[in-house]
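These notes concern the structure reproduced below.
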Amino acid sequence: MLSVKSKSRLKITTWNINSVRKRSDLIKHFIQEFSPDILLLQETKVSNELFPYYFFKDLGYSFAHYDGEKTGYNGVAILANQELEIVPKISFIKEARHLVAKTKCGIEVHNFYIPAGGDVPDIALNLKFKYKLDMLQQLTSWFKKEKHSSNKIILTGDLNVAPLEHDVWSHKQLLKVVSHTPEEVEKLIALYNSINFRDAVRKFTSDSEKLYSWWSYRAKDWQKANKGRRLDHIWVTESLYNNVTHAEISKHIRGLEGPSDHAPVSIHISI
DNA sequence: ATGGTTGGTTACCAA
Numbered sequence: 375m376l377s378v379k380s381k382s383r384l385k386i387t388t389w390n391i392n393s394v395r396k397r398s399d400l401i402k403h404f405i406q407e408f409s410p411d412i413l414l415l416q417e418t419k420v421s422n423e424l425f426p427y428y429f430f431k432d433l434g435y436s437f438a439h440y441d442g443e444k445t446g447y448n449g450v451a452i453l454a455n456q457e458l459e460i461v462p463k464i465s466f467i468k469e470a471r472h473l474v475a476k477t478k479c480g481i482e483v484h485n486f487y488i489p490a491g492g493d494v495p496d497i498a499l500n501l502k503f504k505y506k507l508d509m510l511q512q513l514t515s516w517f518k519k520e521k522h523s524s525n526k527i528i529l530t531g532d533l534n535v536a537p538l539e540h541d542v543w544s545h546k547q548l549l550k551v552v553s554h555t556p557e558e559v560e561k562l563i564a565l566y567n568s569i570n571f572r573d574a575v576r577k578f579t580s581d582s583e584k585l586y587s588w589w590s591y592r593a594k595d596w597q598k599a600n601k602g603r604r605l606d607h608i609w610v611t612e613s614l615y616n617n618v619t620h621a622e623i624s625k626h627i628r629g630l631e632g633p634s635d636h637a638p639v640s641i642h643i644s645i
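For my numbering, count along the first sequence from 1 and bump the result up by 374.
Below is the structure:
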């Protein structure tokens, strides 16, 4: 019997949406343009009762796995145009900051919203900073210890750390700014090394080139100032790295009317 | 060194 070997590809996007209900037009625009197969959102800022389930269903996303808080803080979601298997979230994460799902082809996709960590980069003075570092450390232990059901793992999300010198507009000026302090970077790299993740987005941009996914709302002209940071990441395990065929950060989406302060970050992966 | 903007449970808190 003849068989045709079909080659397929998966498009995956992570996006800190900063209120999913405020971004309907923006989300529609992005989906029409890029049509991700799997869309991972952070800071949905909506309780589960009020999550816009039918909004995504009408756009072709029949699968929706989401976790929100009544208070309107945090919130994460995984949307897909195909059935995914829901995997229980990591138990020590008590807030709505993490979800996992698995594709039919056996890829486990993690969606994280790591705490921002407050303003003062000192664990003795700032409990939010301690909370952030502790979570990164706990995740490192978890990934090391966990017996993973698949060696194909994708870690995505707003990790709230810009690890490389050229992940920020000024390495020197941000060394004491939460998101780029050596202490956080060290913890993030430890997580990166826990099961030998590879940076799917940097695969296509040299480490010596500036690359950002977030620009503050507070700039008078964010494009002109261009004081960005790369806080949003897509990491893949080694067995998937060769299959990553494309990566992009949709900076123009940050420039549309009523934007999130984060741009969507996406990859193509052949399966 | 300071203040700038945005979203949500709003008349403050977190980012």
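Don't be surprised by glycine CBs; every beta carbon is placed ideally from N, CA and C.
*Apart from the five residues on each side of it in sequence, which residues of its chain come closer than 8 Å, Cβ to Cβ, to lysine 518?*
Taking the first residue of the first sequence as position 1, residue 518 is located at position 144. So the qualifying residues of the chain are Ser568 and Ile569.
*Would you kindly work out how many angstroms separate the C-alpha atoms of leucine 499 and lysine 506, rounded to a whole number?*
Working through the first sequence from its first residue, we reach residue 499 at position 125. Working through the first sequence from its first residue, we reach residue 506 at position 132. Computed Cα separation, rounded: 13 Å.
_If you reduce the DSSP assignment to three classes, tell me which class tryptophan 592 lands in._
Working through the first sequence from its first residue, we reach residue 592 at position 218. Note that residue 592 is arginine in the sequence shown, not tryptophan. In this structure, arginine 592 counts as coil in the three-state DSSP scheme.
*Selection from Gly531, Glu583, Thr387 and Arg395 that minimises the alpha carbon distance to glutamate 622*: Translated into positions along the first sequence, residue 622 becomes position 248. A check of alpha carbon separations from glutamate 622 across Gly531, Glu583, Thr387 and Arg395 identifies Thr387 as the nearest.
*Use the C-beta contact count for arginine 395: other C-beta atoms within 10 angstroms, 16 or more gives buried, fewer gives exposed.*
Locating residue 395 in the first sequence gives position 21, counting from the first residue. With fewer than 16 Cβ atoms within 10 Å of its Cβ, arginine 395 is classed as exposed.
*Go through the segment 404 to 435 residue by residue and report every complete run of the beta strand (DSSP E) that reaches 3 residues or more, in order.*
Complete beta strand (DSSP E) runs here, min 3: 412 to 416.
*Are the Cβ atoms of serine 409 and phenylalanine 429 separated by less than 8 Å?*
Walking along the first sequence from the start, residue 409 turns up at place 35. Walking along the first sequence from the start, residue 429 turns up at place 55. No; because the gap between Cβ atoms is not below 8 Å, this pair is not in contact.
*Beta-carbon proximity list for valine 494, same chain, < 8 Å, skipping 5 on both sides*: For this step, residue 494 is matched to residue 120 along the first sequence. If we look at valine 494 and ignore the five residues flanking it on each side, its Cβ neighbours are Asn500, Phe503 and Val552.
*asked:* My output table needs one value for aspartate 399: the three-state DSSP class, helix, strand or coil.
replied: Counted from its first residue, the first sequence places residue 399 at position 25. Helix.
*asked:* Using DSSP's beta-bridge definition, name the partner residues of tryptophan 609.
replied: Residue 609 sits at position 235 when you count from the first residue of the first sequence. Its beta-bridge partners are Leu529 and Asp573.
*Whether leucine 424 touches valine 450 by CB criterion (8 Å)*: The residue labelled residue 424 in the question sits at position 50 within the first sequence. The residue labelled residue 450 in the question sits at position 76 within the first sequence. In this structure, valine 450 does not lie closer than 8 Å to leucine 424 by Cβ.
*List the whole-angstrom C-beta distance separating isoleucine 412 from isoleucine 452, where the pair is believed to meet the contact cut-off of C-beta under 8 Å.*
The residue you call residue 412 lines up with position 38 of the first sequence. The residue you call residue 452 lines up with position 78 of the first sequence. With 8 Å as the limit, isoleucine 412 and isoleucine 452 qualify as a contact, their Cβ atoms being about 7 Å apart.
*Under the three-state DSSP convention, the category glutamate 631 falls into*: Along the first sequence, read from residue 1 onward, the residue named residue 631 stands at position 257. The answer is coil: DSSP assigns glutamate 631 none of H, G, I, E or B.
*What residue range is occupied by the uninterrupted alpha helix (DSSP H) comprising serine 568?*
Locating residue 568 in the first sequence gives position 194, counting from the first residue. Serine 568 -> alpha helix (DSSP H) spans 556 to 568.
*Outcome for asparagine 600 when other beta-carbon atoms lying within 10 angstroms are tallied against a minimum of 16*: Counting from 1 along the first sequence, the entry for residue 600 is found at position 226. Exposed, by the Cβ-count rule.
*What residues in its chain sit with their C-beta under 7 Å from that of alanine 454, if we drop five residues either side in the sequence?*
As a working note, residue 454 is residue 80 in the first sequence. Counting only Cβ-Cβ distances below 7 Å, and skipping sequence neighbours, we find Asp411, Ile412, Tyr435 and Phe437.
*Check the DSSP bridge columns for histidine 439 and list the partner residues they point to.*
In the first sequence, residue 439 corresponds to position 65, counting from 1. Answer is Ile452.
*Give the DSSP bridge partners of phenylalanine 486, in chain order.*
For the purposes of this step, residue 486 is taken as the residue at position 112 of the first sequence. Bridge partners of phenylalanine 486: His472 and Gly531.
*Tell me whether alanine 621 sits in a helix, a strand or coil according to DSSP, three-state version.*
For the purposes of this step, residue 621 is identified with residue 247 of the first sequence, where counting begins at 1. The answer is strand: DSSP assigns alanine 621 an E or B state.
*Cα-Cα separation, glutamate 631 to phenylalanine 404*: The residue given as residue 631 occupies position 257 in the first sequence. The residue given as residue 404 occupies position 30 in the first sequence. About 13 Å.
*Comparing alpha-carbon positions, which option in Asn485, Tyr447, Leu458 and Thr445 lies nearest isoleucine 464?*
On the first sequence, residue 464 is found 90 positions in, with the first residue counted as 1. Of Asn485, Tyr447, Leu458 and Thr445, the residue nearest in Cα terms is Asn485.
*Selection from Gly442, Gly492, Tyr447 and Val639 that minimises the alpha carbon distance to asparagine 422*: What you label residue 422 is simply residue 48 of the first sequence in a count that begins at 1. The closest CA to that of asparagine 422, considering only Gly442, Gly492, Tyr447 and Val639, is found on Gly442.
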